[in-house]
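Enquirer: This is the structure I have questions about; it appears just below.
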């Protein structure tokens, strides 16, 4: 069982406890069945299904808080639970039928990009250049400003030091997709 599954299962069980506190037995059972968070079904669910069920819980909370008094939900702990669950889910996304931690994916892509950039021209192949492009796209889309700056620095430094023509297309592609780094890269030239 993944760390994601363990934590989401705990959160879904916490939500069921919150429902027990605020809904009648019949309403609670109906909600649990509608959300698909009965213990029997949760036991066999994979990460993707749990991810989707957690999003359904978020929508359910949004529905109920819209109907109820806002201060009542804040006092009951539902608002705090909602914020925690929503925040936790923002760190993950579904990719290729699995749940991926976005920050970990970007860090791995950055390490791989720097390793590829550090290769000599004779070590590079079409496959490695394609991997570099994939890494650049991942970092550009999900990376923090610091991670994108680190990538731009590495590409620019290697372009200047080793082979000016080798990484220029990769750097230009990165800059084209992220105009805020255009000034940065021009200043470095």
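Residue numbers (our numbering): 23 to 211. Every residue, glycine too, gets a C-beta built ideally from N, C-alpha and C.
1) Within 10 angstroms of its Cβ, does residue 66 collect 16 or more other Cβ (buried), or is it exposed?
2) What do you reckon, are the CB atoms on residue 30 and residue 72 nearer than 8 Å?
3) Go ahead and pull the three-state DSSP assignment for residue 201.
4) For residue 61, count neighbouring C-beta atoms within 10 Å of its own C-beta (all shown protein chains included) and say buried if the count is 16 or more, exposed if not.
5) Measuring CB to CB, does residue 54 end up less than 8 Å from residue 41?
6) Within 10 angstroms of its Cβ, does residue 118 collect 16 or more other Cβ (buried), or is it exposed?
7) What span of residues does the alpha helix (DSSP H) with residue 29 cover, start to end?
8) How long is the line joining the alpha carbons of residue 130 and residue 172, rounded to whole angstroms?
9) Label residue 69 either buried or exposed according to how many other C-beta atoms from any shown protein chain fall within 10 Å of its C-beta, with 16 as the threshold for buried.
10) Note down, one range per segment and in chain order, each alpha helix (DSSP H) of at least 4 residues found wholly within the region 137-165.
11) Per the DSSP calculation, residue 121 is bridged to which residue(s)?
12) Answer yes if the region 121-135 comes into contact with the region 161-175, meaning at least three C-beta pairs across the two stretches below 8 Å, and no otherwise.
13) Anyone know if the C-beta pair for residue 80 and residue 114 falls short of 8 Å?
14) Could you tell me the boundaries of the alpha helix (DSSP H) in which residue 69 lies?
15) Does the Cβ-Cβ distance between residue 45 and residue 76 come in under 8 Å?
16) Applying the 10 Å Cβ sphere with the 16-neighbour rule, what's the burial state of residue 201?
17) Starting from the C-beta of residue 27, find all residues in its chain whose C-beta is less than 7 Å away, skip the five residues before and the five after it, and write them out in chain order.
Expert: Taking the geometry as given:
1) It is exposed - the Cβ of residue 66 has fewer than 16 other Cβ atoms within 10 Å.
2) yes
3) Low per-residue confidence applies at residue 201: pLDDT is 45, beneath 50, and the placement is therefore not dependable, though the value from the model is reported in the following sentence. Correct three-state label for residue 201: helix.
4) exposed
5) Yes.
6) exposed
7) 25-44
8) 13 Å
9) buried
10) 148-164
11) For residue 121, which the question treats as bridged, DSSP gives the partners 116.
12) yes
13) No, the Cβ-Cβ distance between residue 80 and residue 114 is not below 8 Å.
14) Taken as a continuous stretch (DSSP letters only), the alpha helix (DSSP H) holding residue 69 covers 69-89.
15) no
16) Reliability fails at residue 201, whose pLDDT of 45 lies under 50, so the model's placement of it is uncertain and the value that follows must be treated cautiously. Result: exposed.
17) 69 and 72
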